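Residue numbers (the working numbering): 1 to 236.
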């Protein structure tokens, strides 16, 4: 079923479908890596990892890129003299040990309603977490079967608002951009960005409409309101 010519919904994750989770701080990452077989993690690794992370984030922001967490670990190991045989496997260990964001039950209920109503649902978010870890989070919350596709910056290598990210969302949705509603809580990345690439957009904002937001972009307070919002589009 389509609602107001919307055939697919792309969902942001943190702040939209889930409450934001903890970031992997250097001390915690170091402790996790030291538990890995054959890994040798010197005392200076945490400080080096922090330096590498700052450099990577600055470079990524300039390019709207997403350097993999495994690459950050590889560079930090090289610069600190650590021995880390498999950074990709280590990345999975880190993000399995560090709890992911908690899914909002009301948001999950709305998602399931839309999925069961026949809408294509795509998870579209910036994250350092590997896809396998994020899929496990969705499964544990009982919504793993609700998504027809996942577009993650950790897999794609670019972050919102890079054009390639939005192109991947359109590809995952399998329908024209004008039939996709992008829902998220960050105006530039989840509303203005998708809108400029031909999608509809609805901003999640509990505090109401932010000053200066494009009047063509609608605002809802919580994802739980999305089914009713989509119903209202029928008459537009």
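We put the CB at the ideal spot given by N, CA and C, even for glycine.
Since we're looking at a predicted model, the values are computed, not measured.
query	result
Secondary structure at residue 1, three-state DSSP: helix, strand or coil?	Since pLDDT at residue 1 reaches only 45, below the 50 mark, its modelled position is unreliable, and no value is offered.
In this structure, does DSSP put residue 125 in helix, strand or coil?	strand
Give the secondary structure of residue 13 by DSSP, where H, G and I count as helix, E and B as strand, and everything else as coil.	coil
Determine contact between the stretch 130-142 and the stretch 84-93, defined as no fewer than three beta-carbon pairs at a distance below 8 Å.	yes
Take residue 146 and list the residues in its own chain whose beta-carbon comes closer than 7 Å to its own, dropping the five residues that flank it on each side.	111, 112, 115 and 121
Could you check the C-alpha separation between residue 53 and residue 148 for me, to the nearest Å?	32 Å
Within its chain, find whatever has a CB closer than 8 Å to the CB of residue 270; leave out the 5 residues flanking it on each side and keep chain order.	Residue 270 cannot be examined here, being either before or after the span of the chain that is shown, 1 to 236.
If distances are taken between C-alpha atoms only, which option among 218, 194, 193 and 195 comes closest to residue 205?	218
Could you tell me the boundaries of the alpha helix (DSSP H) in which residue 134 lies?	131-140
Starting from residue 156, trace the alpha helix (DSSP H) both ways and give me its first and last residue.	153-156
Using a Cβ-Cβ cut-off of 7 Å (strictly less than) and excluding sequence neighbours within five positions of residue 187, which residues of its own chain qualify?	203, 210 and 213
Under 6 Å Cβ to Cβ from residue 1, same chain only, skipping five residues before and after it: list those, please.	Confidence in residue 1 is poor, its pLDDT being 45 and thus under 50, which makes the residue's placement too unreliable to answer from.
Less than 6 Å between C-beta atoms, sequence neighbours within five positions excluded: which residues of the same chain meet that for residue 201?	182, 191, 194, 195 and 217
I'd like to check one pair, residue 100 with residue 14: are the Cβ atoms closer than 7 Å?	no
Can you tell me whether residue 204 is helix, strand or coil according to DSSP?	strand
What residues are listed by DSSP as bridge partners for residue 149?	122
Please report how far the alpha carbon of residue 108 lies from the alpha carbon of residue 98, in whole angstroms.	22 Å
Under the DSSP definition of a beta bridge, which residues are partnered with residue 218?	202
Would you give the residue range spanned by the beta strand (DSSP E) that residue 184 belongs to?	180-184
I need the straight-line Cα distance from residue 230 to residue 56, nearest angstrom please.	39 Å
Just curious, the alpha helix (DSSP H) that residue 111 is in, first and last residue?	105-116
Just list the residues that DSSP pairs residue 8 with in beta bridges.	120 and 180
Thinking residue 17 and residue 223 are a contact (beta carbons under 8 Å), I'd like their distance in whole angstroms, please.	6 Å
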